[in-house]
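Residue numbers (full-length UniProt numbering): 1 to 394.
Below, the structure is given as structure tokens:
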């Protein structure tokens, strides 16, 4: 029994006086226990307090069992005073050797709680690895009314353009920003980057494969083509123009699937689809924007979901953000003529643009892939950059 105590605990405590009672010492002649003077001698040790620490040990099968533990007994009442701490009941006197060993282990775990205090939860660890805001808003729903944003340094502040900025676009595969060529005004790239649609003369739309740089087909509208937008991940192409109609083309068959009149439109000037292709917006030369459910429009229901009349000059560009909660509409003909429309309430954000905020004459705009940033190119050659605080990722 003494050898077992020595093997279990060694000499981990400083020698203390225990009176004249017999003392069990280890091989190095150091006492095995110390007396906690701050506690009453009648204090009991409960193994339940350290049950979680011992559960793993209890499930293990011992390699060797000491037969002496099954027959030997230990007097914890009349023995050394330090043994009284091992009692569960006040009148408990003699316990088996196996029970004695179990209580010694419990006492050891209780006095040596380990280093659990230094552990960090996975949740806390993830929080410390992020540079986002510590207080996360409940849900991802963007509320109408006011939009939280802040002005950042111009994206092209190091090298401003001498002429107007006619196109801006965020790179989807990296944090790169750049000024595209003016030719972007006359073509649209499919979401899968497999097709480029050019606006040609006399209603022709030229389809080009960017990989082989070859013309792969053409489609023709009845009127002049003025705006393009891809849908269904590039399988469909929508177009509008001088005849006031919106066309839907099947690019695999190179044929028109549907043609419908844009309500109240004489000349279509801009077109865009939502990321999931459920909605599309059609802008006209009079400044009116109609928002349609695409499937309902193709199915014959040509009543717009909402008509937006916040601009009075020709709509030159529009853009849905990545989660369809913001629709940007703009005109190049007047200063500050860029509106942000909240969906699905279809109300404009009243604090954009701010009264003292000067956008110049905005020529183009784009949202970053996760709507964390918004870039606006103007006629003065600047690319204005804004942070949208509702979105945590760029």
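Ideal Cβ placement from N, Cα and C applies to all residues, glycine included.
Span of the alpha helix (DSSP H) around residue 108: Element bounds for residue 108: 97-111.
For residue 307, the three-state DSSP class (helix, strand or coil): Collapsing the DSSP output to three states places residue 307 in a strand.
Alpha-carbon spacing of residue 384 relative to residue 317, whole angstroms: The straight-line gap from Cα to Cα measures roughly 16 Å.
Within 8 Å, strictly: CB atoms of residue 329 and residue 298: The answer is no: Cβ separation not under 8 Å.
Where residue 198 sits in the DSSP three-state scheme: When DSSP states are grouped into helix, strand and coil, residue 198 belongs to the strand group.
Same chain only: Cβ atoms within 6 Å of residue 347, ignoring 5 sequence neighbours per side: Sequence-distant partners of residue 347 (beyond 5 residues in either direction) whose C-beta falls short of 6 Å from its own C-beta, in its chain, are 144.
Whole-angstrom distance between residue 146 and residue 380, CA atom to CA atom: In this model, residue 380 and residue 146 are separated by some 27 Å (Cα to Cα).
Test item: CB-CB of residue 150 and residue 319 under 8 Å: No, Cβ-Cβ distance for residue 150 and residue 319 is not below 8 Å.
Neighbourhood of residue 285 by C-beta, 6 Å cutoff - its chain only, sequence neighbours within 5 removed: Excluding positions up to five away in sequence, the list reads 267, 269, 314.
DSSP three-state assignment for residue 382, whether helix, strand or coil: Coil at residue 382, not helix or strand.
DSSP state of residue 203 mapped onto helix, strand, coil: In this structure, residue 203 counts as helix in the three-state DSSP scheme.
Residue 71, DSSP secondary structure in three states: DSSP, reduced to helix, strand and coil, places residue 71 within a helical segment of the structure shown.
Rounded C-alpha distance that separates residue 251 from residue 237: Near 7 Å, if we compare the C-alpha coordinates of residue 237 and residue 251.
Status (buried if at least 16 other CB within 10 Å, exposed otherwise) for residue 300: Exposed, because fewer than 16 other Cβ atoms sit within 10 Å of the Cβ of residue 300.
Beta-carbon proximity of residue 324 to residue 275, cut-off 8 Å: The Cβ atoms of residue 324 and residue 275 sit closer than 8 Å to each other.
Proximity of residue 220 and residue 204 at Cβ, strictly below 8 Å: Yes; because the gap between Cβ atoms is below 8 Å, this pair is in contact.
Whole-angstrom distance between residue 340 and residue 156, CA atom to CA atom: Cα to Cα, residue 156 sits roughly 23 Å from residue 340.
Beta strand (DSSP E) segments (min. 3 residues) lying fully within the stretch 282-343: Qualifying beta strand (DSSP E) stretches, in chain order: 289-293, 306-308, 317-320, 326-330, 338-342.
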